[in-house]
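For the sequence shown, my numbering gives the first residue as -7, with consecutive numbering after it.
Here is the structure we will look at.
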Amino acid sequence: MRLTKAELHKLMKNKLHKAGLKEEHADIVADVLAHADARGIHSHGAMRVEYYAERISKGGTNKNPNFTFEKTGPCSAIFDGDNGAGHVAAKLAMDETIKIAKENGVAIVGVKRVGHTGALSYFVQQAASEGLIGIALCQSDPMCVPYGGTEPYYGTNPIAFATPSKSGKYLMMDMATTIQAWGKILHARSKGTPIDPTWAVDKDGNPTGDPLKVNALTPIAGPKGYALQMMVDVLSGVLLGLPFGKRVTSMYSDLTEDRNLGQLNIVINPAYFTNVEKFLENIDQTMEDLSTMKPASGFDSVRYPGQSSMIREENYKRDGIEIVDEIYNYLTSDDVHYNNYDHKGAFAVE
Ligand code: NAI
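Listed below in C-alpha cells is the structure:
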C-alpha cells in the first residue's frame, strides 16, 4: 500500500492516541516515525507503532510525563523526560538546545529518563533547518559484543550529525554503530536464509552465519566501532547519571517498566566560528566535490551521507510511501496491539 506522508502520519497518530498517548504527544511521535518512513528508514517508522502501542497500554511509557528543563550553565541543560515517549522529549529538548546555541554559540542538552527516541536524523534536522549544526547520540539496549568479547554489553548506540548548506540540502549522517540491525537477523530467521558472518556472533563470541545461533551483534569497524559505542554510552548515559552498558534496560523485557534511556543533543552555531555564508557555500562545495568524483567500478556515483535518504524522500513525495500490508492492516484496524512484544528477548523473540 502506498500512502502520502500525511496519510501515514494520521494513521499512526490515531493508533498511538488510542493506545493512551495524549494527542499532542501522539502527533510528535507520528511525525518522527513518518520522517523515518519518508526517508526510507523503515526500521524506525510505522513498523514500530504496534510495539509502542503495547508499551503505552501497559504503562511502560508515561502517558502524563512531567517534563522538566533545567539550565545548568550558559550552554548546558538537562531535560528530564519522566519516561514519557522518547521522541517527544528528544524533540522538545532539541528545541531548547537550538535556542541556547542561537544565543550562546554552542549548546549541549542531556535528555534523560526517556523511552526509545527513534531515528536521530529527525532531531539533527531540526537544528540544520535553523541554519545550525546538529549532533545527537543515544543509548539503546545491550545487544552488541565488545570487540573480543562474548556477551552483549553496548547497544546499537547511534550517532547522527547534520549541517545546513546554502542550497538548502543537508549533509547528514545517521547511523547505528553495529554492522547490521537486529531486524536483518530476524528477517533471515523468518526466511531460513544464512546471514553474513561478520554481522553477529554466537554464544561463544564466534562469528556465525546461522541466524538461529545469533547471541549478539558486532560493532562497525571492529575495535573502532566498539570505541564509538563506549563514547555514546558515556555521553548519553554515564554523564547523565543513567544506567549504562549492560545495565541499560532491554526494549522488550518488561513493557510495564520505565526505560530510563539517555540522549545527548549538541548544537553548534556556525556564526560563532566562521563566516556563515562561506561555511554554507563550502558545504555545498563538499557535496559537489563528492558527487562529481569518478565512481569506483560497480558504483554509479559517489553519494554524500544523507543523499540516498534525500533521493528516496523526493521519490516518495511523487509515488507515495510503500507500507507493507501487515502494517497497513494493523494501522487501519480497531486493535490497539496484539500482545506481541512483552517479555521477549533482546531480538524480540523467545
Ligand atoms: P543506514 O545503514 O541506513 O545508514 C548509515 C549512514 O550511512 C547514513 O548516514 C547514510 O546516509 C550513510 N550511507 C548509506 N549508504 C551510503 C552511500 N552509498 N554513500 C554515502 N553514505 C551512505 O543506517 P542504520 O545504521 O541502519 O540506522 C538506521 C536508523 O536507526 C537511524 O535513523 C538511527 O538513528 C536509528 N537508530 C536508532 C536507535 C535508537 O535507539 N533510537 C538505535 C539504532 C539505530
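Cβ coordinates follow ideal geometry from the N, Cα and C atoms, glycine included.
Keep in mind that this is a model prediction, so the values were computed, not measured.
Specify, as a first and last residue, the run of the beta strand (DSSP E) that residue i falls within.
i    : result
M364 : Because the chain in this structure spans residues -7 to 342, residue 364 falls outside the shown range and cannot be described.
R105 : V98 to V106
I303 : I303 -> not in any beta strand (DSSP E); alpha helix (DSSP H) instead, spanning Q299 to D311.
N257 : L253 to I260
G60  : Per the sequence presented here, residue 60 reads as Thr, with Gly not at that position. T60 to G65 is the extent of the beta strand (DSSP E) around T60.
A154 : I151 to T155
Indicate the three-state DSSP secondary structure (helix, strand or coil) for residue i in the structure shown.
i    : result
Q131 : coil
S68  : strand
I344 : With the chain covering only -7 through 342, there is no way to say anything about residue 344.
L227 : helix
R295 : coil
I392 : With the chain covering -7 to 342 only, the question about residue 392 has no answer from this structure.
A208 : strand
Y218 : helix
T142 : coil
I125 : strand
A192 : strand
T89  : helix
P203 : helix
Alpha carbon to alpha carbon, how far is residue j from residue i? Give it in angstroms, no decimals.
i    : j    : result
L247 : A77  : 13 Å
I20  : E306 : 22 Å
H335 : F59  : 28 Å
E314 : E273 : 35 Å
L227 : G298 : 24 Å
P287 : Q277 : 18 Å
K5   : A18  : 5 Å
D327 : R40  : 15 Å
N207 : D194 : 5 Å
E269 : F61  : 33 Å
N96  : I319 : 44 Å
If you drop the 5 nearest sequence neighbours on each side, which residues of the same chain put their C-beta closer than 6 Å to that of residue i?
i    : result
G229 : Q131, F236 and G254
A28  : H36, G37 and A111
M279 : Y296
So is the beta-carbon of residue i under 7 Å away from any non-hydrogen atom of ligand 1?
i    : result
G37  : no
M135 : no
H1   : no
D188 : no
Y330 : no
T109 : yes
G254 : no
G217 : no
P211 : no
T284 : no
R295 : yes
M223 : no
D344 : What the structure shows of the chain is the stretch from -7 to 342, and residue 344 is not part of that stretch, so it cannot be assessed.
L112 : yes
T248 : no
C67  : no
For the alpha helix (DSSP H) containing residue i, name the first residue and the last one.
i    : result
A397 : No statement about residue 397 is possible, as the shown extent of the chain runs from -7 to 342 and does not include it.
G175 : W174 to K183
H329 : First-last for H329: undefined, no H or E at that position.
A263 : Run containing A263: none; DSSP gives neither H nor E here.
A120 : S113 to A120
N6   : K(-3) to A11
T278 : V268 to S283
Excluding the 5 residues preceding and the 5 following residue i in the sequence, name in chain order all residues of the same chain whose CB lies nearer than 8 Å to its CB.
i    : result
N331 : E46
Take residue i and list the residues in its own chain whose beta-carbon comes closer than 7 Å to its own, dropping the five residues that flank it on each side.
i    : result
P189 : P199, T200 and G201
E122 : I90
Y322 : E42
G312 : R(-6), L(-5) and T(-4)
G175 : S35
H1   : A22, D23 and A26
D133 : G147, V240, T241, S242, M243 and A338
G32  : S301 and R304
D196 : T142
G12  : I48, S49 and K55
T170 : C136, T148, L209, T210, P211 and I212
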